[in-house]
Amino acid sequence: MHLSLRQLSTFREVMRSGSISQAARAVGRTQPAVSTMVHTLEDQLGFALFLRSHGKLTPTPEAYFFLEECDDILGRVERTERTLERISSLQSGKLKIACHPAASSVFLPRLLTEFMKDRNDLDVSLIMRSSDVIEDLIASQQYDLGFAETPQPRASIRQTDYDLECVCVLPKDDPLARAEIITPGDLDGRPMAVLFDEHGTAVQTEAAFRSAGCHFNKRIELRTFLPGLQFVAAGVCVMVCDMITAYSHLVQAPENERLSIRRFSPHISNSISILTPGYATQSMAGQAFIGELHTAVEQMQVDIREALR
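What follows is the structure, given as structure tokens:
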């Protein structure tokens, strides 16, 4: 027995309307076609669905039982169609994102907030992890998207890399805030907040001071730059930090409390990447969010350049 959804929906319409002619109008078919479909359905089922007398249809008890089954089947199909429509319009599904600390407090949640508007059935899982952990989560396909410091290329990860320059963050009333570019000579001997020794930005910053013959005064060692903003605001130190931390401060802090952000020379690089599993097909929601994230990273660089003028 091979029953089609069209047979089930046509039978249901005949039961609802009580008339072949009205059912034909409802389903957009001719009356003979609907009548033939009902006869064919009865032949397949092996029992009568209607008693016919003087052109009038009277449902049999079996027809009412079959109607319940049709309602159940067609209801599930209709729910599935609605779900698929929401998925195709990026309003439904699940998106698992792993984010490194610098972007996890403001930058990525701010972007996700906009992305999730009007997508009430889109579920998001967002965790903060170190970049090396994120690399493994993406390589093992446990998460759909990673946003982290750039790893070494590997076949199990697809990545889009961005070379973001670090900037100098100063107290808002610091005399150096009037300068367009800050150099190691300007910060010679000044207390600084720096990441742990093995981090690329710490290595580059110390090398820049050494090349300039300046004293690199590392007063505070951090795991992430975010808490360093508090130390800078209190006048305890200055900081050469990643662009995302500086940008997050700009978009979040009240204007009268914003720290001074200036370009630092020589160039200190902090490369970040959008990471996706190399052997998995990205969902439509994932593809759409990656597009939004790429645009946001590009716009951040534009906004920072404007702030540095």
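Reminder that position 276 of the sequence shown reads as 301 in our numbering, one-by-one numbering, no gaps.
Built from N, CA and C at the ideal position, the CB exists for glycine as well.
In terms of Cβ geometry, Ile315 and Leu99 do not form a close pair [threshold 8 Å]. Taking C-beta atoms as the reference points, Arg288 and Leu333 count as a pair closer than 8 Å. As the crow flies, the alpha-carbon of Ser236 is around 27 Å from that of Gln177.
Pairing Thr65 with Val52 gives a Cβ-Cβ distance that is not under 8 Å. Between Ser296 and Glu174, the C-beta gap is smaller than 8 Å, which places the two residues in contact. Classified as buried, Leu147 has 16 or more neighbouring CB atoms from the shown chains inside 10 Å of its CB. Gln69 counts as exposed, since fewer than 16 other C-beta atoms from the protein chains shown sit within 10 angstroms of its C-beta. C-alpha of Glu331 to C-alpha of Ala127: approximately 21 Å in a straight line.
Between the C-alpha atoms of Ile45 and Ala310 there is a straight-line separation of about 44 Å. Only residues of its own chain outside the window of five on either side were considered, and among them Ala49 have a CB closer than 8 Å to the CB of Ala58, listed in chain order.
Residue nearest to Glu87 within the set Ser165, Glu67, Ser78 is Glu67 (criterion: CA-CA distance). In the DSSP annotation of this structure, the continuous segment of the alpha helix (DSSP H) that includes Ala58 starts and ends at 56-70.
Secondary structure of Glu205 (DSSP, three-state): coil. Counting other Cβ atoms within 10 Å of its Cβ, Tyr168 reaches 16 or more and is therefore classed as buried. In the structure shown, the three-state DSSP call for Cys124 is strand. The alpha-carbon separation between Leu254 and Val194 amounts to approximately 8 Å. Beta-carbon to beta-carbon, Met264 and Met325 are separated by about 18 Å, too far to satisfy the 8 Å threshold.
By the beta-carbon neighbour count (other beta carbons within 10 angstroms, threshold 16), Glu103 is exposed. As for any beta strand (DSSP E) of minimum length 3 sitting wholly inside the stretch 219-281, the runs are 242-247, 263-266, ordered along the chain.
Contact between Ile269 and Phe132 holds: their C-beta atoms lie close to 5 Å from each other, under 8 Å. Here Cys193 is bridged, per DSSP, to Val265, Arg287.
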